[in-house]
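**Q**
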Amino acid sequence: MVEFKMPSLGADMEDGTLVEWLVKPGDIVKRGDIIAMVDTQKGLIDIEVFDEGTIAELLIKENEKVPVGTVMALIAGSNEVIHHLEKPVMEQVSETTTPKEVVKAVGIPETPEPKHRIKASPLARKIAADKGIDLTRIIGSGEGGAISKEDVEKAIIEQMAPLAGANIVSDQLPDQKAESIEIKKGASTESIRMAVAAAMSKSNREIPHYYLETKIDMSKALAWLMDANKKRTLKQRLLPVVLILKAISKALVEFPDLNSYWADGLQHKEAINIGFVISLRTGGLMIPAIHNVNNLSIDEIMNSLNDIIPRARAMKLRSSELSESTFTVTSLGEKNAETVYGVIYPPQVAIAGIGSITEQAWAENGMLAVRPVLNITLSADHRATDGATGSRFLMAVKKYLLEPESL
Amino acid sequence: MTELEIKQIIFKLLKQIAPDSEPESLMPDDLIRQKLEIDSYDALQFVIALDEHFGIQTPEEDYGKIETLKNLTTYIQDKQFK
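Protein sequence lines, in the order shown, are assigned to chains A and B. Per the working numbering: the first sequence = residues -13 to 393. Per the working numbering: the second sequence = residues 4 to 85.
Here you go:
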């Protein structure tokens, strides 16, 4: 029997709330099927399954909030016999249909803990201790009244600005599903901001960053792009960032130390999945992954952007898109600041910053000219690589962008 | 199509792309992208929407001619007469 667990969708995620099961016991699932919708700080996420088999039991109720790693369902492999099929656990969507013994079997208490013991996540305790917040005065929004990091952060905000407290929307999920989604959307900008803040604080606290920057003459790349776009319909038109993503992915093939995770040492990642930072109009960021960028053509990369950008803005992403990035790219687009230094998104070890392409004075072969210039930066983890590696990586990106036809 | 009708459609399309913005607040000479904080990706979606709605074709080299509300309105009127 395979355990299907609440996935971690990034370093900043502690728990998730099951909003809806999209399968029922007895359903056959295969790798990549979306079997549940989970509400996180980053909005509603479609959760995929990575095993094949038959759903044996659903262990978590809808609207239940559980920590990352909690077993949510049991999946029987194709050779296993399922004993519980004669009594489907969830015929209707209702709080009461999950048998109590199933819930107890995975160790989730049915009733709140006795009042004298405060239930709180380790991170929540740490933040509360750091900020001098009294945990006994916080009403937890988690399972059995457990206090989460968000609860503590809310308490901090309320303490700092008593008048603003009235505007803070509660994350507590009401019984009605539709209502819960609406309320979550209202609160999402703030919670995304908090999630970004938590991940970036952790990054700056724990990762020894080093920074490099180079300038790339983009005249050849832009001329190539202009020519390529003439042959394309408007909807197929390519943005400059597509060429840059392709160049970065090809350079990452040569420098696997930068396409890695740092977790008790360096772990190379085989696939080159670039997390592309998308800013939400209402504030905050989403970083969905474009999978195997090095194997995609530039048109396929553009199609990926056309797919993920609107979904990221609507907060409709799949779990694999939020959890499988191996390297991040943040791009400011046109007519913005010309340089950006990224903060590494752990457990990754590097992030590239793409500034706006601007016209600059350019000296080459003893001559001065005006060229469209891209400032590209690399922020990397000194535990994983040294500046020499980072520098060679940036030179490789430059080499590819100077030969756009090679992309 | 009158200038007013064209403007109404432009506002509607901009509102679809940047739902939280107020396209009606644009002055004739304001830079649309700057004022409404539209990024490169959304700018491309806006051009696609313009072409579909007005039945025109906007090549890349014309992007500089459609940066303000006044220029964009004139551009669409010229294209439609052709």
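Yeah, the Cβ is synthetic: ideal placement off N, Cα and C, and Gly gets one too.
Which residue's Cα is closest to the Cα of I273 (chain A): A:K255, A:L252 and A:S317?
**A** A:S317
**Q** Quick check: the Cα distance between H254 (chain A) and S306 (chain A), rounded to an integer number of angstroms?
**A** If I take the Cα positions, the gap works out to 18 Å.
**Q** Using a Cβ-Cβ cut-off of 9 Å, state whether Q37 (chain B) counts as contacting chain A.
**A** yes
**Q** Check whether chain B comes within 9 Å of V359 (chain A), counting only Cβ atoms and requiring the distance to be less than that.
**A** no
**Q** For S98 (chain B), which residues in chain A fall below 8 Å Cβ to Cβ?
**A** What is shown of chain B runs 4 to 85, which leaves residue 98 (chain B) out entirely.
**Q** How would you list, in chain order, the residues of chain B whose beta-carbon sits under 9 Å from the beta-carbon of E320 (chain A)?
**A** R36, D42, S43 and A46
**Q** So for M204 (chain A), helix, strand or coil by DSSP?
**A** coil
**Q** Using a Cβ cut-off of 9 Å (strictly closer), state whether T40 (chain A) contacts chain B.
**A** no
**Q** Let me know the secondary structure DSSP gives K51 (chain A) once reduced to three states.
**A** Strand.
**Q** Quick one: is K71 (chain B) near chain A, going by C-beta distance under 9 Å?
**A** Inspection of the sequence shows that residue 71 (chain B) is occupied by Thr rather than by Lys. No, no contact with chain A.
**Q** Take D65 (chain B) as the anchor and find which of B:E55, B:F57, B:V50 and B:G58 has the nearest alpha-carbon.
**A** B:V50
**Q** In chain order, what residues of the same chain lie with their CB nearer than 8 Å to the CB of R267 (chain A), ignoring the 5 residues before and after it?
**A** Contacts found: R299.
**Q** When you compare the stretch 272 to 291 of chain A with the stretch 2 to 9 of chain A, are there three or more beta-carbon pairs, one atom per stretch, that lie closer than 8 Å?
**A** Taking 8 Å as the limit for Cβ pairs, the verdict is that the stretch 2 to 9 of chain A does not touch the stretch 272 to 291 of chain A.
**Q** Just to make sure I have the definition right: I need the residues of chain A whose C-beta is within less than 8 Å of the C-beta of D23 (chain B). Which are they?
**A** R267 and T268
**Q** Could you tell me the alpha carbon to alpha carbon distance between N281 (chain A) and S177 (chain A), rounded to whole angstroms?
**A** 35 Å
**Q** How big is the Cα-Cα spacing for E256 (chain A) and M301 (chain A)?
**A** 28 Å
**Q** From what residue to what residue does the alpha helix (DSSP H) around F84 (chain B) run?
**A** L72 to F84
**Q** Does the beta carbon of I51 (chain B) come closer than 9 Å to any beta carbon on chain A?
**A** yes
**Q** Just to confirm my understanding: we take R357 (chain A), look at its own chain, exclude 5 residues before and 5 after, and list those with CB closer than 6 Å. What are they?
**A** Cβ within range, chain order: D203, S205 and W348.
**Q** Are the stretch 367 to 377 of chain A and the stretch 331 to 345 of chain A touching by the rule of at least three beta carbon pairs closer than 8 Å?
**A** yes
**Q** Does any CB atom of chain A fall closer than 9 Å to the CB of D54 (chain B)?
**A** yes
**Q** Could you compute how far the alpha carbon of A214 (chain A) sits from the alpha carbon of K82 (chain B)?
**A** 24 Å
**Q** Taking any Cβ of chain B, which residues in the stretch 188 to 212 of chain A have a Cβ under 8 Å from it, in chain order?
**A** M212
**Q** Taking L60 (chain A) as the reference, give the member of A:K47, A:T40, A:E48 and A:K51 with the closest Cα.
**A** Looking at A:K47, A:T40, A:E48 and A:K51, the one whose alpha-carbon comes closest to that of L60 (chain A) is A:T40.
**Q** Looking at the C-beta of Q60 (chain B), does it have a partner C-beta in chain A at a distance below 9 Å?
**A** yes
**Q** Helix, strand or coil: how does DSSP classify A183 (chain A) here?
**A** Judged by DSSP in its simplified three-state form, A183 (chain A) adopts helix.
**Q** According to DSSP, is D193 (chain A) helix, strand or coil?
**A** Correcting the residue type first, residue 193 (chain A) is Ile in the shown sequence and not Asp. Correct three-state label for I193 (chain A): coil.
**Q** Between D32 (chain B) and the rest of its own chain, which residues show a CB-CB distance below 7 Å, the 5 nearest in sequence each way excluded?
**A** T71 and K73
**Q** Three-state secondary structure (DSSP) at E431 (chain A)?
**A** The structure shown does not extend to residue 431 (chain A), since chain A spans only -13 to 393, so no value can be given for it.
**Q** For the beta strand (DSSP E) containing R357 (chain A), name the first residue and the last one.
**A** M353 to D367
**Q** Between which two residues does the alpha helix (DSSP H) carrying I21 (chain A) extend?
**A** Counting along the chain, I21 (chain A) falls outside any alpha helix (DSSP H), though it belongs to the beta strand (DSSP E) covering I20 to T26.
**Q** Could you tell me the alpha carbon to alpha carbon distance between K18 (chain B) and I41 (chain B), rounded to whole angstroms?
**A** Per the coordinates, the alpha-carbon of K18 (chain B) lies some 11 Å from the alpha-carbon of I41 (chain B).
**Q** Quick check on H277 (chain A): does DSSP put it in helix, strand or coil?
**A** coil
**Q** Suppose contacts are defined by Cβ-Cβ distances below 9 Å. Is I260 (chain A) in contact with V315 (chain A) by that definition?
**A** Going by C-beta atoms, I260 (chain A) is nearer than 9 Å to V315 (chain A).
**Q** Going by the beta-carbon positions, is the gap between E43 (chain A) and V15 (chain A) smaller than 9 Å?
**A** no
**Q** Considering Cα atoms alone, identify which of A:D32, A:I46 and A:M(-8) is closest to V54 (chain A).
**A** A:M(-8)
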